[in-house]
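Visitor: Its first residue numbered 25, the sequence shown is counted upward by one per residue in this note's numbering.
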Amino acid sequence: QSPPSDQDDTVSSSSSDKTGAVITGTFFGHRHGHVSFCLQDDTHPLSRPPLLLLELAVPTAALAREMEEGFLRIALRSKSNRRSNILDVPVWSMYCNGRKVGFAVKREVTENDVVFLRLMKSVSVGAGVVPNGETLYLRAKFERVTGSSDSDAFHMVNPEGSYGQELSIFLLRS
Numbered sequence: 025q026s027p028p029s030d031q032d033d034t035v036s037s038s039s040s041d042k043t044g045a046v047i048t049g050t051f052f053g054h055r056h057g058h059v060s061f062c063l064q065d066d067t068h069p070l071s072r073p074p075l076l077l078l079e080l081a082v083p084t085a086a087l088a089r090e091m092e093e094g095f096l097r098i099a100l101r102s103k104s105n106r107r108s109n110i111l112d113v114p115v116w117s118m119y120c121n122g123r124k125v126g127f128a129v130k131r132e133v134t135e136n137d138v139v140f141l142r143l144m145k146s147v148s149v150g151a152g153v154v155p156n157g158e159t160l161y162l163r164a165k166f167e168r169v170t171g172s173s174d175s176d177a178f179h180m181v182n183p184e185g186s187y188g189q190e191l192s193i194f195l196l197r198s
């Protein structure tokens, strides 16, 4: 089965397009590779393509070390066309806890991604290693906060339902 196609109408018709919407975010990557970050609409997690799928510049092990500190801020900055949806920006400068670490690149969903995301369907929140022993993941609910058409933030919702900001992702377009 081929991966879902990228369709422009999926994001605009989604309930996750609104401020305050709670969506699923998954960090995943090979133990010795780079991390991917995926945002999925909880109302249609597998029938539609992800809202956002990025390959991050930071290696999986390095991001795991940053997370151990208990406080992680990822800021993604772009100077792209302001007429497009902020989730459609192809390339971002990436900052992790205030340090520039390279770039994040939007990418297409691969067959391996589809298999992995189906495997994760039964995991609502958690972190661990998938049975192959090589892929690490962190899956959580995130509250979306839209500041303007040029800024979005995604704050991890703690399993108890509180909105702590131990892990936040900021998208900023200038």
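We put the CB at the ideal spot given by N, CA and C, even for glycine.
Could you have a look at Phe95 and say whether DSSP puts it in helix, strand or coil?
Guide: For the purposes of this step, residue 95 is taken as residue 71 along the sequence shown, with counting starting at 1. Phe95: coil per DSSP, three-state reduction.
Visitor: Distance, Cα to Cα, Glu15 vs Lys103?
Guide: Because residue 15 is not part of the residues shown, which for the chain are 25 to 198, the question remains open.
Visitor: Contact check, Ser60 vs Gly53 under 8 angstroms by CB: the rounded distance?
Guide: Taking the first residue of the sequence shown as 1, we reach residue 60 at position 36. Taking the first residue of the sequence shown as 1, we reach residue 53 at position 29. Yes, they are in contact, since the Cβ atoms of Ser60 and Gly53 sit about 6 angstroms apart, within 8 angstroms.
Visitor: For a quick check, are the C-beta atoms of Glu79 and His56 less than 8 angstroms apart?
Guide: The sequence position of residue 79 within the sequence shown is 55, counting from 1. The sequence position of residue 56 within the sequence shown is 32, counting from 1. No, they are not a contact pair.
Visitor: What residue from Arg168, Ser173 and Leu141 has the CA that sits closest to Leu162's CA?
Guide: Numbered from its first residue, the sequence shown carries residue 162 at position 138. Comparing Cα-Cα distances from Leu162 to each of Arg168, Ser173 and Leu141, the minimum goes to Leu141.
Visitor: Under three-state DSSP, which class holds Glu135?
Guide: Within the sequence shown, residue 135 is the residue found at index 111, counting from 1. Helix.
Visitor: Kindly list the residues whose CB is nearer than 6 angstroms to the CB of Asp176, restricted to its own chain and excluding five residues on each side of it in sequence; keep chain order.
Guide: Along the sequence shown, read from residue 1 onward, the residue named residue 176 stands at position 152. If we look at Asp176 and ignore the five residues flanking it on each side, its Cβ neighbours are Ile110, Thr170 and Leu195.
Visitor: What span of residues does the beta strand (DSSP E) with Asp176 cover, start to end?
Guide: Residue numbering aside, residue 176 sits at position 152 when the sequence shown is read from its first letter. Note, Asp176: beta strand (DSSP E), Ser175 to Val181.
Visitor: To the nearest whole angstrom, what separates the beta carbons of Leu87 and Ala128, a pair I think is in contact under 8 angstroms?
Guide: As a first step, residue 87 is located in the sequence shown; it is residue number 63 there, counting from the start. As a first step, residue 128 is located in the sequence shown; it is residue number 104 there, counting from the start. Incorrect: roughly 12 angstroms between the Cβ atoms, too far for contact.
Visitor: Quick one: grab the DSSP three-state call for Glu184.
Guide: Reading the sequence shown from its first residue, position 160 is the one you call residue 184. Coil.
Visitor: Can you tell me whether DSSP reads Arg142 as helix, strand or coil?
Guide: In the sequence shown, counting from the first residue as 1, residue 142 sits at position 118. Note: Arg142 maps to helix in three-state DSSP.
Visitor: Ala128 by DSSP, collapsed to three states: which one?
Guide: Numbered from its first residue, the sequence shown carries residue 128 at position 104. Of the three classes helix, strand and coil, the one that applies to Ala128 here is strand, per DSSP.
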